[in-house]
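The next block holds one structure in the form of C-alpha cells; read it before the comments.
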C-alpha cells in the first residue's frame with residue numbers, strides 16, 4: 395500500500411507563487427513506479443491533468459500552465475513537487491497528487507486546496 399499526502403496549498407494573490415509537496419509513504423520500494431502526476435479539480439468541473447513526470451524524468455504539462463508550473467520528484471519517488479509561479483485566478487482548484495505503478499494501479503492523495511485571489 396502506498397499513501398500520498400499533499401501539502402502546500404493555501405490562499406495566494408494572482409502573480410504569486412506556491413510550492414505543492416506530495417509525500418509518499420508505505421511500501422514504496424515494493425512498487426515499480428513509472429510516473430507521478432499532479433491533477434486539479436476546479437469548482438464544478440472535472441479533474442484534469444496539470445503536470446506529469448516519468449521514471450526517466452520526462453515531463454509534460456497542460457497548455458494552461460506551461461512556462462509557469464514545474465513538476466519535480468525525488469530519486470526514490472518519496473516526494474513529488476509542483477512549483478507554481480505567476481498563478482492566476484483560474485488556477486483555483488483542489489490539487490491532487492497521483493502515482494502510477496506498473497502492476498498495482500494508480501494511487502491518489504486526498505488533495506490540497508489552492509485559491510488564487512485577483
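Numbering (this note's numbering), first residue to last: 395 to 512.
Note that CB positions come from ideal geometry on N, CA and C, so glycine has one too.
For residue 400, count the other beta carbons within 10 Å of its own beta carbon; 16 or more makes it buried, fewer makes it exposed. Which is it? buried
Please list, in chain order, all residues of the same chain as residue 408 whose beta carbon is under 8 angstroms from its beta carbon, the five residues on each side excluded. 481, 482, 483, 510, 511, 512
With H, G and I counted as helix, E and B as strand and the rest as coil, what does DSSP make of residue 420? strand
Please classify residue 474 as buried or exposed, where buried requires at least 16 other C-beta atoms within 10 Å of its C-beta. buried
Contact belief for residue 476 with residue 463 at Cβ below 8 angstroms, rounded distance in angstroms: 6 angstroms
Distance check for residue 422 and residue 493, CA to CA, integer angstroms please. Near 10 angstroms, if we compare the C-alpha coordinates of residue 422 and residue 493.
Can you round the beta-carbon distance between residue 496 and residue 396 to whole angstroms, since I take them to be within the 8 angstroms contact cut? At roughly 13 angstroms, the Cβ-Cβ gap does not stay under 8 angstroms, so residue 496 and residue 396 are not in contact.
Beta strand (DSSP E) segments (min. 3 residues) lying fully within the stretch 429–467: 442–448, 453–455, 463–467
Uninterrupted beta strand (DSSP E) stretches inside the stretch 461–504 (no shorter than 3 residues): 463–467, 473–478, 487–495, 500–502
Does residue 459 pass the burial test, meaning 16 or more other C-beta atoms within 10 Å, or should it be called exposed? Counting Cβ neighbours within 10 Å, residue 459 comes out buried, since at least 16 surround it.
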